[in-house]
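Presented below is the structure to which this report refers.
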Amino acid sequence: MEGLEKFQSPGKGRGLRALRRFVIGELLFSCPAFTCVLTVNERGNHCECCFARKEGLSRCGKCKQAFYCNVECQKQDWPLHKLECSAMCVFGQNWNPSETVRLTARILAKQKTHLERTESEKILSIKEFESHLDKLDNEKKELIQNDISALHHFYSKHIDYPDNQALVVLFGQVNCNGFTIEDEELSHLGSAIFPDVALMNHSCCPNVIVTYKGTVAEVRAVQEIETGDEIFTSYIDLLYPTEDRNDRLKDSYFFTCDCRECLTKEKDKDKLEIRKLNEPPSTEAVRDMIRYARNVIEEFRREICELSLDKMGSVFAESNVYMLHMMYQAMGVCLYIQDWEGALRYGQKIIKPYSKHYPPYSLNVASMWLKLGRLYMGLENRSAGVKALKKAIAIMEIAHGKDHPYVIEIKKELETH
1 MEGLEKFQSP GKGRGLRALR RFVIGELLFS CPAFTCVLTV NERGNHCECC
51 FARKEGLSRC GKCKQAFYCN VECQKQDWPL HKLECSAMCV FGQNWNPSET
101 VRLTARILAK QKTHLERTES EKILSIKEFE SHLDKLDNEK KELIQNDISA
151 LHHFYSKHID YPDNQALVVL FGQVNCNGFT IEDEELSHLG SAIFPDVALM
201 NHSCCPNVIV TYKGTVAEVR AVQEIETGDE IFTSYIDLLY PTEDRNDRLK
251 DSYFFTCDCR ECLTKEKDKD KLEIRKLNEP PSTEAVRDMI RYARNVIEEF
301 RREICELSLD KMGSVFAESN VYMLHMMYQA MGVCLYIQDW EGALRYGQKI
351 IKPYSKHYPP YSLNVASMWL KLGRLYMGLE NRSAGVKALK KAIAIMEIAH
401 GKDHPYVIEI KKELETH
């Protein structure tokens, strides 16, 4: 990894540091997945091996559930697909291990055949991952034991298991260091392990962004990086205010962030904007509404979204991040039921505050511009569609690189409309 080094970051443990200057949009490094699993819902749309999205994929002749670009991809994937192929035939509709279990099974199988460091582990090996077992509560420990039971249940034929404690450590490592691969609209494609990428520490003011080209992670600068600067990515969605972000970090990664954004909380006021009323709500009323918003934030049904928006709208401005979250969920429901006009209305309300709240070159902002562009085009508003798609491309050329298949695909969309 030229121009980068592993070092001890004060107060953070291991980290990654720049040995030279990097400019915005420059590729710092790429990392092939140590192993990965395509989510079950995308089977038939993407190659099981390389995650390429294309029509006319070839089906595995035995299980009939895995799809590949060609014979080469199928042969390359067979050492890991064979872990699941026979089991899927035996269990049928009852074959349902989680992606975490599937990923862990593949790690065990690959570690057995790859005794040396792989191309994914140039500066950090999986065995060096943090597991944070000492910080797990009883609920998280029970979930790991459930995953271990599922691993034994679904993968008994092809895996030599270590002892239970070693499996507990490995699941803890996967939970803290796994990555979600997403497409250009941030739809979930699968899960993967990228050891060298996992070396980067978190900041809510990241200077790099991680994107995916198939099953390869690419890390690009989204700020100017000087020699000696630590390389920071973001582990979480940065839309939310400081307290929320740190709650999420504590729950999943067992630390709180001390970046400039968390110390100054300078964006919190805008993110928690209150409606301008003749009689401003009391501090207690605002606190109660935040609690309400956080409690309902997992609800996806459209009527719940609309009722919640009405209630929160009595106190919160439309740019408030809890309003934005609920509008995003409502937009997703509209897309699911093919209410294109409804989806467009929500997207139009979301995009401006998104652009304000998120850092520059955010994939969340690019994804929203892309959704809006495609909605405009579908509703025959070409001028608005072109404008939105160009805004998406401008961000993605920095975040993904100008030669990324997603960027090329969107440019083709512009040419054909």
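full-length UniProt numbering puts the last residue of the sequence shown at 417; the count rises by one with no breaks.
All C-beta atoms, glycine included, are put in the ideal place defined by N, C-alpha and C.
Practice task
Take Thr256 and list the residues in its own chain whose beta-carbon comes closer than 8 Å to its own, dropping the five residues that flank it on each side.
Solution key: Taking the sequence shown and counting its residues from 1, one reaches residue 256 at position 256. Asn246, Leu249, Lys250 and Cys262.
Practice task
Under 8 Å by Cβ, that's how I've got Ala293 and Tyr322 pegged, so tell me the actual separation to the nearest angstrom.
Solution key: The residue given as residue 293 occupies position 293 in the sequence shown. The residue given as residue 322 occupies position 322 in the sequence shown. The pair is a contact, with the Cβ atoms about 4 Å apart (cut-off 8 Å).
Handout entry: Where the beta strand (DSSP E) through Phe29 begins and ends
Key = Within the sequence shown, residue 29 is the residue found at index 29, counting from 1. Start and end: Leu27 to Pro32.
Handout entry: Outcome for Asn94 when other beta-carbon atoms lying within 10 angstroms are tallied against a minimum of 16
Key = As a first step, residue 94 must be located in the sequence shown, where it is residue number 94. Answer is exposed; the Cβ neighbour count stays below 16.
Practice task
Can you tell me which of the three DSSP states Glu299 falls into?
Solution key: Translated into the one-based positions of the sequence shown, residue 299 becomes position 299. At Glu299, the pLDDT of 48 sits below 50, so the modelled position is not reliable; the number obtained from the coordinates is stated separately. Looking at Glu299 - three-state DSSP - the assignment turns out to be coil, as it is neither helix nor strand.
Handout entry: Residue interval of the alpha helix (DSSP H) (run including Glu84)
Key = In the sequence shown, residue 84 corresponds to position 84, counting from 1. Unbroken alpha helix (DSSP H) run through Glu84: Val71 to Phe91.
Practice task
Taking only the alpha-carbon atoms, compute the straight-line gap between Gly347 and Leu389 and give it to the nearest angstrom.
Solution key: Here residue 347 corresponds to residue number 347 of the sequence shown, with the count starting at 1. Here residue 389 corresponds to residue number 389 of the sequence shown, with the count starting at 1. If you take the alpha carbons of Gly347 and Leu389, they lie about 14 Å apart.
Problem - Buried or exposed (CB count within 10 angstroms, at least 16 for buried), Phe300 - result: By one-based count along the sequence shown, residue 300 stands at place 300. Low confidence applies here, because Phe300 scores a pLDDT of 49, under 50, leaving its location unreliable; read the following figure in that light. Per the 10 Å Cβ criterion, exposed.
Handout entry: Enclosing beta strand (DSSP E) for Arg14 [first to last residue]
Key = Within the sequence shown, the letter at position 14 stands for residue 14. It spans Gly13 to Ala18 - the beta strand (DSSP E) in which Arg14 sits, taken as one unbroken run.
Exercise for the section: Use the C-beta contact count for Arg382: other C-beta atoms within 10 angstroms, 16 or more gives buried, fewer gives exposed. Expected result: Against the sequence shown, residue 382 aligns to sequence position 382. Arg382 is exposed by the Cβ-count criterion.
Practice task
Using three-state DSSP, classify Ala221 as helix, strand or coil.
Solution key: Within the sequence shown, the letter at position 221 stands for residue 221. Here Ala221 sits in strand by DSSP.
Problem - Reference Glu130, options Phe29, Leu307, Lys371 and Pro195, closest by Cα - result: Translated into positions along the sequence shown, residue 130 becomes position 130. The shortest C-alpha separation from Glu130 is found at Pro195.
Handout entry: Identity of the residue in Ile351, Glu380 and Pro359 nearest Leu370 by Cα
Key = Numbered from 1 along the sequence shown, position 370 holds the residue referred to as residue 370. Selected option, being the one with the closest Cα: Ile351.
Exercise for the section: Indicate the three-state DSSP secondary structure (helix, strand or coil) for residue 492 in the structure shown. Expected result: No information on residue 492 is available, as it lies outside the stretch 1 to 417 that the chain covers here.
Problem - Where the alpha helix (DSSP H) through Leu133 begins and ends - result: On the sequence shown, position 133 is the one that residue 133 refers to. Premise fails: Leu133 is in no alpha helix (DSSP H) and is neither H nor E.
Handout entry: Burial state of Arg20, where buried means 16 or more other Cβ atoms lie within 10 Å
Key = Sequence index remark: in the sequence shown, residue 20 carries index 20 (1-based). Looking at its Cβ environment, which holds fewer than 16 other Cβ atoms inside 10 Å, Arg20 is exposed.
Handout entry: The alpha helix (DSSP H) enclosing Phe154, as first and last residue numbers
Key = Taking the sequence shown and counting its residues from 1, the one referred to as residue 154 is at position 154. Residues Asn138 to Phe154.
Exercise for the section: Would you give the residue range spanned by the alpha helix (DSSP H) that residue 505 belongs to? Expected result: What is shown of the chain runs 1 to 417, which leaves residue 505 out entirely.
Problem - Which of helix, strand or coil DSSP assigns to Phe171 - result: Within the sequence shown, residue 171 is the residue found at index 171, counting from 1. In the structure shown, Phe171 sits in a helix (DSSP, three-state: H, G or I).
Handout entry: Sequence-distant residues of the same chain with beta carbon closer than 7 Å to His46, five excluded per side
Key = Stepping through the sequence shown from its first residue, residue 46 is reached at position 46. The residues are Leu38, Ala52, Arg53 and Leu189.
Practice task
Give the DSSP-derived three-state secondary structure of Gly378 in the structure shown.
Solution key: The residue you call residue 378 lines up with position 378 of the sequence shown. Note: Gly378 maps to helix in three-state DSSP.
Exercise for the section: Could you tell me the boundaries of the beta strand (DSSP E) in which Thr211 lies? Expected result: What you label residue 211 is simply residue 211 of the sequence shown in a count that begins at 1. Unbroken beta strand (DSSP E) run through Thr211: Val208 to Lys213.
Practice task
Taking the CB atoms as reference points, tell me whether Cys376 and Ala384 lie closer together than 8 Å.
Solution key: Here residue 376 refers to the residue found at position 376 when the sequence shown is read from its first residue. Here residue 384 refers to the residue found at position 384 when the sequence shown is read from its first residue. Sequence check: residue 376 is Tyr here, not Cys. Going by C-beta atoms, Tyr376 is nearer than 8 Å to Ala384.
Handout entry: Closest Cα partner of Leu136 within the set His158, Tyr155 and Val168
Key = Locating residue 136 in the sequence shown gives position 136, counting from the first residue. For Leu136, the nearest C-alpha among the options comes from Val168.
Problem - With 16 other Cβ atoms within 10 Å as the buried cut-off, status of Tyr354 - result: Residue numbering aside, residue 354 sits at position 354 when the sequence shown is read from its first letter. Buried, because 16 or more other Cβ atoms sit within 10 Å of the Cβ of Tyr354.
Practice task
Give the C-beta separation of Thr271 and Pro241 to the nearest angstrom, bearing in mind that I take them to be a contact with Cβ-Cβ under 8 Å.
Solution key: Your numbering for residue 271 matches position 271 in the sequence shown. Your numbering for residue 241 matches position 241 in the sequence shown. It should be noted that the sequence gives Lys, not Thr, for residue 271. Sure, about 5 Å apart at Cβ, within 8 Å.
Problem - Pick from Gly378, Pro281, Ser86 and Asp268 that is closest to residue 418, judged by C-alpha positions - result: A query on residue 418 cannot be resolved here, the shown segment of the chain reaching from 1 to 417 and no further.
Practice task
Using only the heavy atoms of the ligand SAM, determine whether one of them is closer than 7 Å to the beta carbon of Lys122.
Solution key: The ligand SAM is not part of this structure, which contains no ligands at all.
Handout entry: the region 213-233 touching the region 144-154, judged by at least three CB pairs closer than 8 Å
Key = no
Exercise for the section: Report buried or exposed for Val40, applying the criterion of at least 16 other Cβ atoms within 10 angstroms of its Cβ. Expected result: Counted from its first residue, the sequence shown places residue 40 at position 40. That one is exposed.
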